[in-house]
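Trainee:
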Ligand SMILES: Nc1ncnc2c1ncn2[C@@H]1O[C@H](COP(=O)(O)OP(=O)(O)OP(=O)(O)O)[C@@H](O)[C@H]1O
Ligand SMILES: Nc1ncnc2c1ncn2[C@@H]1O[C@H](COP(=O)(O)OP(=O)(O)OP(=O)(O)O)[C@@H](O)[C@H]1O
Ligand SMILES: [Mg+2]
Ligand SMILES: [Mg+2]
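Residue numbers (my numbering), protein chains in the order written: chain H, 1 to 245; chain U, 1001 to 1245; chain L, 2001 to 2293; chain Z, 3001 to 3240; chain E, 4001 to 4240.
(1) Going along the chain, which residues put their C-beta within less than 7 Å of some heavy atom in ligand 4?
(2) Do you know offhand how far residue 3220 of chain Z's Cα is from residue 3228 of chain Z's?
(3) If we ignore side chains and look at the alpha-carbon of each, how far apart do residue 2150 of chain L and residue 33 of chain H end up?
(4) Under 8 Å between the Cβ atoms of residue 3217 of chain Z and residue 3173 of chain Z?
(5) State yes or no: is the C-beta of residue 1076 of chain U nearer than 7 Å to some heavy atom of ligand 5?
(6) Measure the CB-CB distance between residue 4160 of chain E and residue 3186 of chain Z and report whether it falls below 8 Å.
(7) Using a Cβ-Cβ cut-off of less than 9 Å, give me the residues of the region 3145 to 3171 of chain Z that come near chain E, in sequence order.
(8) Shorter than 7 Å, the distance from the beta carbon of residue 3206 of chain Z to the closest heavy atom of ligand 1, or not?
(9) For residue 1204 of chain U, which residues from the same chain have a beta carbon less than 7 Å from its beta carbon, with the 5 sequence-adjacent residues on both sides left out?
(10) Would you list, in sequence order, the uninterrupted alpha helix (DSSP H) runs of no fewer than 4 residues that lie entirely inside the region 2033 to 2057 of chain L?
(11) Can you find a CB in chain Z that lies within less than 8 Å of the CB of residue 4030 of chain E?
(12) Taking only beta-carbon atoms, is residue 2044 of chain L less than 8 Å away from chain H?
(13) On a Cα-Cα basis, can you pick out the residue from L/2072, L/2061, L/2037 and L/2022 that is closest to residue 2285 of chain L?
(14) Give a yes or no on whether the C-beta atoms belonging to residue 2126 of chain L and residue 2182 of chain L are separated by under 8 Å.
(15) May I ask you to list the residues that DSSP assigns as paired with residue 3208 of chain Z?
(16) Nearest to residue 2001 of chain L by CA position, among L/2290, L/2263, L/2240 and L/2203, is which residue?
(17) Looking at the structure shown, is residue 4054 of chain E part of a helix, part of a strand, or coil, going by DSSP?
(18) Do you know how far the Cα of residue 3180 of chain Z is from the Cα of residue 3029 of chain Z?
(19) If residue 4237 of chain E and residue 3166 of chain Z are in contact, beta carbons under 8 Å, what's the gap, nearest whole angstrom?
(20) Check whether chain Z comes within 8 Å of residue 4202 of chain E, counting only Cβ atoms and requiring the distance to be less than that.
(21) Just to make sure I have the definition right: I need the residues of chain U whose C-beta is within less than 9 Å of the C-beta of residue 4087 of chain E. Which are they?
(22) Quick check: the region 3187 to 3197 of chain Z against the region 3029 to 3040 of chain Z, are there 3 or more CB pairs under 8 Å?
(23) Using 8 Å as the Cβ pair cut-off and three pairs as the minimum, do the region 4143 to 4158 of chain E and the region 3198 to 3217 of chain Z touch?
(24) Under the three-state reduction of DSSP, which class applies to residue 3233 of chain Z: helix, strand or coil?
(25) Kindly indicate if chain Z contains any beta-carbon less than 8 Å away from that of residue 72 of chain H.
(26) Just how far apart, CA to CA, sit residue 2107 of chain L and residue 118 of chain H?
(27) Spell out whether any CB of chain H is found under 8 Å from the CB atom of residue 1230 of chain U.
(28) Residue 4129 of chain E: beta carbon under 7 Å from a heavy atom of ligand 2?
(29) Does ligand 2 have even one heavy atom less than 7 Å from the beta-carbon of residue 3041 of chain Z?
(30) Specify, as a first and last residue, the run of the alpha helix (DSSP H) that residue 3024 of chain Z falls within.
(31) Can you tell me whether DSSP reads residue 150 of chain H as helix, strand or coil?
(32) Using a Cβ distance threshold of 8 Å, determine whether the region 148 to 155 of chain H contacts the region 69 to 87 of chain H, with at least three qualifying pairs required.
(33) Can you give the beta carbon distance from residue 113 of chain H to residue 2091 of chain L, rounded, assuming they're within the 8 Å contact cut?
(34) Pick helix, strand or coil for residue 207 of chain H, following the three-state DSSP scheme.
(35) Distance check for residue 2019 of chain L and residue 2290 of chain L, CA to CA, integer angstroms please.
(36) Take the Cβ of residue 81 of chain H as the centre, count every other Cβ of all protein chains shown within 10 Å, and call the residue buried at 16 or more, exposed below.
Quick look at the structure:
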């Protein structure tokens, strides 16, 4: 994974841009602190940030795993049954159309303020892109392959599993790459709605205490976490797609 | 578009589920009001809701158009140039990794509290899925086609335009379908950050005033708007994909 | 007329009575002002906007002001909107918590603003408890629902003029422990803040004069005041706002420009003691009496 | 397993215009029935009708087996395009039918068949790494692995050189003994070599062609075979 | 436009093993050079090398034109798979080269060519609505629309019946007069009809085959042609 180092270049470019904005627009530090200030905050609060980052990471990973599973399962259900499709599809869109923010308080009231409300939020937010992309892929199987499988006497279930699913792996990978980026957002939203730890909580707290540099330090850690997750998932997906020939 | 009527079935199922939860879990109205209460709130506030819905719709449509354009353009840039790819891709992930809420003060500082901060939020949120899905599609052009085009002496730009882009239309469509669902979320988040009209404003206001039934009425309208948008975009995409053979 | 921009702390609600009534009665016009009122959703934004010079004036909270100035934000209190605390520790009226000491081992919900732990620590201290004896849960967006749904046993950060009425309307009445009666130095809940370097003192003086007239009008004619206030927007006309109005108008400062320097010094000392600020600043760094200048 | 004869009668329309009309196609039981005919005349369409698949044409007629049982589940089909699954190796592609039906694939049988098809060295490769003729042979092997009484082959040897083609014909003939095979081909020599019945399909319907005297499979240089080949060629070229 | 001769010398490796070694291939200037050979021997690989494309093999050698100018931009290529773009009509596919280069496609020329390829009725169809042979003819038409001195054809007539095949050979020969054409084919008759030079490609290298006396394009029943065809067939079948 030598490629993991390459984002350093754009990261540096971004840092320069950031510093440039701070100078050029004479940004006050309480709106956009300079990279140096944020770095200082990052170092002097390293332990604190690391603790909260660990909490968020656990939520994100659990949410990613469950959300990807749920999304993939939904896409499969919709792909096999036109009935399921016409029933689930609008419901699927609904899960996204109702902003999680609006539902979050309700869900939190049910699930309490522990880990699971954040995991659920991450699941909710990645469920749709995974299901949607995978489903699109499943519906685009080259007809020659399904014709062949049908003549071979394969039951629909096995056609799905051995032909349509492998053919849709690139589309699923596309969805998973999105999910890797969205899962952290879901967890953060969950933390904003109610939590006592995690990067989202830390950001709120820092903002409330007017420690904008700490807030940005947490933000940076979150961004780096997301980037790494996106890379890891992308790498795994690339391998899977390559294996699909 | 007779199919537009089919979601009525799941909508009814959802209504029943909702009413069921209200009864079974003895949900207090301040957490989850009954459908009847929400319907009443919807009717008695029809004018108000409609006004705010109109504002949000305008933001959503503008955001969708701009975000789709920006996302598609980014995907194209990444597809032609490996340099652009290694520079833009992490930045692209960053635009998603940094929760818009954290950036909101900066954005409002620049853009003020008008229409454009909401449009920008919608653009930011749909930019990534469109760019990501389209880019994935552009990188999956069957090699036989690009080989042929190269032998024909086509410059890279024209190969992109006449071969890779049409071949990636299904992937782009996949991204646009997601965007149709996310654009309203973006606008709502934008309104939450600061607005004096729009469904998001109305929802927060109603929530703050403990008029949960009004909040849910606004939510329903938002959901319906999103569903219709998703359908319209899906329909247009299906046509485009069908034309791609 | 001079144009000025005012950012409220949140959406328009009865707390903003004097501002809207001044607008309705034309007091701003009389003072030669054309006031644009902006309502944000996130209460932490307005002071930033004012400090950044994007707004001439912002509505904010005294406790936050101390933290913000300590962090170097160019802000000063220039006026007072609500002259008493609104914050309270809210429990269910028929719930298990009858006095502060009953909180031991209980869950307390809060909405992150920055000072909750300090406030709670002081309140618990009066009953011989510490923060270690309770479990704190951030319930951000929904204080009273979390309480009514039984997710937490108490919430801090609820407004006495608002959440109490909300709970009563929902049929789960609450009980309020007033923070200033439980050991906390009293303070101004809602204040006007501005950037002292860029502010136009004369314009702000005129603004405060107009709201002073409006506050007097409301105190003298609370019912007419309600009619004027609720007439500004259809969303405002409901039972909750009407009840909240009755609990709010007596708390409007009728001397919005007037500064009680002792309040600010005492609260600064309290926050320093709680470890939230590193050094104690003089009141002149925090607040200004524009009338005295 | 008894292989039925097959009869297809009817008319197919492309839009309003008939693709073929009044067709009466009969395939012999337990032997090879060959179809020759100009490009675009409807040969693949006919094959797909027998396989029970959708076609681009609207068909008005019947497809029947001589034992009156439905053909479904009794047909193996090799399409004109190879349709190999790109994520499976050649060996896995050859075992696709068993995999799809959930019965274990017979690895030894696959290995043996691939060897006879000259693909032993390529068994682990992906289809994208094969030459055109190798792909076609892989698809043929996959079809031969299907144990079905009716076998439909749509130009199965078109991408092969003469020698490999003859070998693959021998292989297919041996493997499909006793089955009813329908073969679409453009090679008159192939039809002459393999056919128990040969149809020439034209815009005006099917015409049955004379057969060599020797029973199939005939030697490539069998004189009767060469004679029939010449006659077919002349007929197809329109030089009577 | 003067058509150069082409020479390819070198060795190609598949992994460690050589695919072909010590190859010395020469294509005649302004005529048809035919390559016959068993499936998988490396014919398509050779064609792709001339076209300047990536191959599955690693090539150690040179590809040169007799005028010493680079071949890039002077080659038209018809792949073994038809590679039609599914979203374009047949006519648009035929005009793809012009479209890709941004020069206007000559609609009249396309229409004329499609007519001669027997595709007039199908000009507006999508590739998915064509028969196998029609697809191949569309790809051929697309290649013939390219105005290039060097033309590489990889089994361009394999999906066609005898008559259509002869017609397409006539068409291609007429259209490509004066160009250097490299034709890969499995049909010895085709090579005998068209070749100004015929190579037999085997695992052990290239062997040049004798030609009929008549100049190309020869009649299908030209005696010399039939004789060479028979000799080629015997040689390919390994029956000396
Ligand atoms: N991408 C690849 N990776 C590995 N091996 C490959 C690849 N492409 C082709 N080969 C191998 O290279 C050899 C030559 O292939 P090529 O396509 O040139 O054969 P060919 O002579 O054209 O055969 P055919 O007549 O069957 O088309 C074959 O054995 C094939 O398996
Ligand atoms: N999906 C479709 N939509 C419309 N027309 C189609 C479709 N598929 C095939 N056709 C047309 O039907 C006719 C018969 O096609 P078919 O594939 O059966 O021909 P064929 O005899 O197999 O030809 P070939 O030898 O070229 O493979 C052709 O004219 C073709 O254009
Ligand atoms: Mg066919
Ligand atoms: Mg080849």
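Glycine residues also receive a C-beta, built at the ideal position from the N, C-alpha and C atoms. The structure displayed is predicted, hence computed values, not measured ones.
Mentor: Short version:
(1) Z/3131, Z/3132, Z/3133, E/4043, E/4044, E/4080, E/4154, E/4155 and E/4184
(2) For the purposes of this step, residue 3220 of chain Z is identified with residue 220 of the fourth chain, where counting begins at 1. For the purposes of this step, residue 3228 of chain Z is identified with residue 228 of the fourth chain, where counting begins at 1. Taking the straight line from one Cα to the other gives about 12 Å.
(3) Against the third chain, residue 2150 of chain L aligns to sequence position 150. Against the first chain, residue 33 of chain H aligns to sequence position 33. Rounded to the nearest angstrom, the two C-alpha atoms are 40 Å apart.
(4) Walking along the fourth chain from the start, residue 3217 of chain Z turns up at place 217. Walking along the fourth chain from the start, residue 3173 of chain Z turns up at place 173. Cβ atoms of residue 3217 of chain Z and residue 3173 of chain Z: closer than 8 Å.
(5) This structure lacks ligand 5; the ligands present are ligand 1, ligand 2, ligand 3 and ligand 4.
(6) Translated into positions along the fifth chain, residue 4160 of chain E becomes position 160. Translated into positions along the fourth chain, residue 3186 of chain Z becomes position 186. Yes, the Cβ-Cβ distance between residue 4160 of chain E and residue 3186 of chain Z is below 8 Å.
(7) 3154, 3155, 3158, 3159, 3160, 3161, 3162, 3163, 3164, 3165 and 3166
(8) As a position in the fourth chain, residue 3206 of chain Z is number 206, starting the count at 1. Residue 3206 of chain Z Cβ: outside cutoff for every heavy atom of ligand 1.
(9) As a working note, residue 1204 of chain U is residue 204 in the second chain. Result list for residue 1204 of chain U: 1192, in chain order.
(10) 2045 to 2051
(11) As a first step, residue 4030 of chain E must be located in the fifth chain, where it is residue number 30. No, no contact with chain Z.
(12) As a first step, residue 2044 of chain L is located in the third chain; it is residue number 44 there, counting from the start. For residue 2044 of chain L, the answer is yes, since a Cβ of chain H falls inside 8 Å of its Cβ.
(13) Sequence index remark: in the third chain, residue 2285 of chain L carries index 285 (1-based). With distances taken between Cα atoms, residue 2285 of chain L lies closest to L/2072.
(14) Here the question's residue 2126 of chain L lines up with position 126 in the third chain. Here the question's residue 2182 of chain L lines up with position 182 in the third chain. Yes, the pair counts as a contact, with Cβ atoms nearer than the cut-off.
(15) The residue labelled residue 3208 of chain Z in the question sits at position 208 within the fourth chain. According to DSSP, residue 3208 of chain Z bridges with Z/3199.
(16) Against the third chain, residue 2001 of chain L aligns to sequence position 1. The residue with the shortest Cα to Cα distance from residue 2001 of chain L is L/2203.
(17) Taking the fifth chain and counting its residues from 1, the one referred to as residue 4054 of chain E is at position 54. Coil, per DSSP.
(18) Your numbering for residue 3029 of chain Z matches position 29 in the fourth chain. Your numbering for residue 3180 of chain Z matches position 180 in the fourth chain. Each residue's Cα considered, the two are about 5 Å apart.
(19) Counted from its first residue, the fifth chain places residue 4237 of chain E at position 237. Counted from its first residue, the fourth chain places residue 3166 of chain Z at position 166. Sure, about 7 Å apart at Cβ, within 8 Å.
(20) Residue 4202 of chain E sits at position 202 when you count from the first residue of the fifth chain. No, no contact with chain Z.
(21) For the purposes of this step, residue 4087 of chain E is taken as residue 87 along the fifth chain, with counting starting at 1. Under the 9 Å cutoff, chain U gives 1166, 1167, 1169, 1243, 1244 and 1245.
(22) yes
(23) no
(24) If you number the fourth chain from 1, residue 3233 of chain Z lands on position 233. Residue 3233 of chain Z: helix per DSSP, three-state reduction.
(25) Translated into positions along the first chain, residue 72 of chain H becomes position 72. False, the Cβ-Cβ gap to chain Z never drops below 8 Å.
(26) Counting from one through the third chain, the residue named residue 2107 of chain L turns up at place 107. Counting from one through the first chain, the residue named residue 118 of chain H turns up at place 118. Distance between the alpha carbons of residue 2107 of chain L and residue 118 of chain H is about 19 Å.
(27) As a first step, residue 1230 of chain U must be located in the second chain, where it is residue number 230. With 8 Å as the cut-off, residue 1230 of chain U counts as an interface residue toward chain H.
(28) Within the fifth chain, the letter at position 129 stands for residue 4129 of chain E. Yes, the beta carbon of residue 4129 of chain E sits closer than 7 Å to at least one heavy atom of ligand 2.
(29) Taking the first residue of the fourth chain as position 1, residue 3041 of chain Z is located at position 41. Indeed, a heavy atom of ligand 2 lies less than 7 Å from the Cβ.
(30) The count along the fourth chain starts at 1 and reaches residue 3024 of chain Z at position 24. Residue 3024 of chain Z -> not in any alpha helix (DSSP H); beta strand (DSSP E) instead, spanning 3017 to 3027.
(31) Locating residue 150 of chain H in the first chain gives position 150, counting from the first residue. Reduced to three states, the DSSP call for residue 150 of chain H is helix.
(32) no
(33) Indexing the first chain from 1 puts residue 113 of chain H at position 113. Indexing the third chain from 1 puts residue 2091 of chain L at position 91. So it is not a contact: roughly 18 Å between Cβ atoms.
(34) The residue you call residue 207 of chain H lines up with position 207 of the first chain. Three-state DSSP puts residue 207 of chain H in a helix.
(35) Counting from one through the third chain, the residue named residue 2290 of chain L turns up at place 290. Counting from one through the third chain, the residue named residue 2019 of chain L turns up at place 19. Distance between the alpha carbons of residue 2290 of chain L and residue 2019 of chain L: 18 Å.
(36) Looking up residue 81 of chain H in the first chain gives position 81. Exposed, by the Cβ-count rule.
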